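K.L.:
Just passing along the structure, written as structure tokens.
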Amino acid sequence: DAGVIQSPRHEVTEMGQEVTLRCKPISGHDYLFWYRQTMMRGLELLIYFNNNVPIDDSGMPEDRFSAKMPNASFSTLKIQPSEPRDSAVYFCASGKGSSNQPQHFGDGTRLSIL
Amino acid sequence: GESVGLHLPTLSVQEGDNSIINCAYSNSASDYFIWYKQESGKGPQFIIDIRSNMDKRQGQRVTVLLNKTVKHLSLQIAATQPGDSAVYFCAEGGNAGNMLTFGGGTRLMVKP
Chain A
68 DAGVIQSPRH EVTEMGQEVT LRCKPISGHD YLFWYRQTMM RGLELLIYFN
118 NNVPIDDSGM PEDRFSAKMP NASFSTLKIQ PSEPRDSAVY FCASGKGSSN
168 QPQHFGDGTR LSIL
Chain B
9 GESVGLHLPT LSVQEGDNSI INCAYSNSAS DYFIWYKQES GKGPQFIIDI
59 RSNMDKRQGQ RVTVLLNKTV KHLSLQIAAT QPGDSAVYFC AEGGNAGNML
109 TFGGGTRLMV KP
């Protein structure tokens, strides 16, 4: 079975540029999560969706960050404009059910902002 | 392909020995707990989970123990193998939809 698919796997860009990260959740999962992982702060939840609707975006660091889920099989995380401190590994995860279910992670996008 | 900081607690074990990784959780209202394994360059991979109505659950070579009295969770790996080398995260949930709160992780190093 296909797991969570993220693209691109690596992104290197200059500060000020717009960055778009993409995620395809596991089919049938109704929850989708975006995380950021850094050496300093570990794994942080940025935002999550239920049935394509954003439920909690309190982890989104600034207005430069935005996320959308136009349909059940696709989500994007956008940073505009990007800054060097946004450099991190960004993970998407999906899950099924209201609670007490594991989240399944993609292999992440390693983002470097120069 | 490092995933978390150099200040991660590290457990070093000999191949073939058993490993025990510990985790203290924070929210006494949490009723779901889960362990993940993260290898270099990859996303966290689900290992095993446990609900608060249980205190022990076994999988293949892994056992999770839950002590709600002291809010402690542990992962036991039997006959540790080089392929078990990774960072292990515990997470707690059940408080808000499908949200999980992750711990800081423990790096397991297996010596041949």
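Line by line, the protein sequences are chains A and B. With our numbering applied, the first sequence covers 68 to 181. With our numbering applied, the second sequence covers 9 to 120. For every residue, glycine included, the Cβ atom is placed at its ideal position computed from N, Cα and C. Small disclaimer: the values here were computed from a predicted structure and weren't measured.
What span of residues does the beta strand (DSSP E) with E100(B) cover, start to end?
P.N.:
For the purposes of this step, residue 100(B) is identified with residue 92 of the second sequence, where counting begins at 1. Start and end: 94 to 101.
K.L.:
Taking Cβ positions, are L116(B) and L16(B) nearer each other than 7 Å?
P.N.:
As a first step, residue 116(B) must be located in the second sequence, where it is residue number 108. As a first step, residue 16(B) must be located in the second sequence, where it is residue number 8. No, they are not a contact pair.
K.L.:
Does R152(A) come out as helix, strand or coil in the three-state DSSP assignment?
P.N.:
On the first sequence, position 85 is the one that residue 152(A) refers to. Here R152(A) sits in helix by DSSP.
K.L.:
Would a C-beta distance cut-off of 7 Å place G51(B) and D174(A) closer than the cut-off?
P.N.:
Counted from its first residue, the second sequence places residue 51(B) at position 43. Counted from its first residue, the first sequence places residue 174(A) at position 107. A contact, by the Cβ cut-off of 7 Å.
K.L.:
Taking contact to mean 3 or more Cβ pairs, one atom from each stretch, closer than 8 Å, check whether the region 128 to 144 of chain A and the region 64 to 78 of chain B are in contact.
P.N.:
In short, these stretches do not touch, since the Cβ pair count stays below three.
K.L.:
Against K50(B), what residues of chain A qualify as contacts under a CB-to-CB distance less than 7 Å, listed in chain order?
P.N.:
The sequence position of residue 50(B) within the second sequence is 42, counting from 1. Residues of chain A passing the Cβ test: D174.
K.L.:
Could you check the C-alpha separation between V78(B) and C98(B) for me, to the nearest Å?
P.N.:
Numbered from its first residue, the second sequence carries residue 78(B) at position 70. Numbered from its first residue, the second sequence carries residue 98(B) at position 90. Rounded to whole angstroms, V78(B) to C98(B) spans 16 Å at the Cα level.
K.L.:
Rounded to whole angstroms, what's the CA-CA distance from V72(B) to I85(B)? Just pull it up for me.
P.N.:
The count along the second sequence starts at 1 and reaches residue 72(B) at position 64. The count along the second sequence starts at 1 and reaches residue 85(B) at position 77. If I take the Cα positions, the gap works out to 9 Å.
K.L.:
Is the number of C-beta pairs between the region 56 to 66 of chain B and the region 76 to 84 of chain A that are closer than 8 Å three or more?
P.N.:
Verdict: no, contact absent.
K.L.:
Unbroken beta strand (DSSP E) runs of length 3 or more, entirely within the region 47 to 100 of chain B: which are they?
P.N.:
For the region 47 to 100 of chain B, whole beta strand (DSSP E) runs of length 3 or above, ordered along the chain, are 53 to 59, 64 to 66, 70 to 75, 80 to 85.
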